[in-house]
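Letter by letter, the sequence shown follows residues 515 to 633 in this note's numbering. Note that the Cβ used here is the ideal one computed from N, Cα and C, for glycine as well. Note that the structure is predicted; figures quoted are calculated from it, not measured.
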Amino acid sequence: MQNKLRFFCLVMASVPSLLFAQTNTLGDREIREQPESAITTRSTRKKSKLLFFKRPRVQHTAVYEYYARVEEAARQKQRMLRKMDRPQFNDPSYFGHRRAPKKYPPHKKRFCRECGIRH
């Protein structure tokens, strides 16, 4: 009698677990396995992780050389603009001379070979 009771309790305990068991979602269909060529695998590179923390210090790339040329051209232009601010280029009375020519009285004026004017 006790064996029957134990068997009955065991069956009653296992019935609910069978009800909540996983069912076959595919129904009666067979499980098709894909060929290995259809399965894609990704390979990870460790260098990409390292580059996040460590910047590459390559300075001879085309982009770097381009920006170096642009900066050099900007420096040359600034130098030229500073030079053009000098009075010999900016003041019309200098007219091709480094220093302003002297103002002589009319009877002492002579022809200047540099600018082609009598002064």
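Anticipated Cβ contact below 8 Å, residue i with residue j, distance rounded
i, j, result
"Phe603", "Cys629", "Going by Cβ atoms, the distance from Phe603 to Cys629 rounds to 14 Å, so no, they are not a contact pair."
"Arg632", "Lys622", "With a Cβ gap of about 10 Å, Arg632 and Lys622 do not count as contacting."
Under the three-state DSSP convention, the category residue i falls into
i, result
"Arg624", "coil"
"Arg520", "helix"
"Arg649", "In this structure the chain extends from 515 to 633, so residue 649 is not present and cannot be described."
"Pro601", "helix"
"Met634", "Nothing about residue 634 can be reported from this structure: the residues present for the chain run from 515 to 633 only."
"Val584", "helix"
"Arg589", "helix"
Between the CA atoms of residue j and residue i - distance to the nearest angstrom
i, j, result
"Pro509", "Arg627", "Because residue 509 is not part of the residues shown, which for the chain are 515 to 633, the question remains open."
"Arg596", "Thr575", "32 Å"
"Tyr580", "Ala587", "11 Å"
Residues sharing a beta bridge with residue i, DSSP
i, result
"Arg632", "Phe625"
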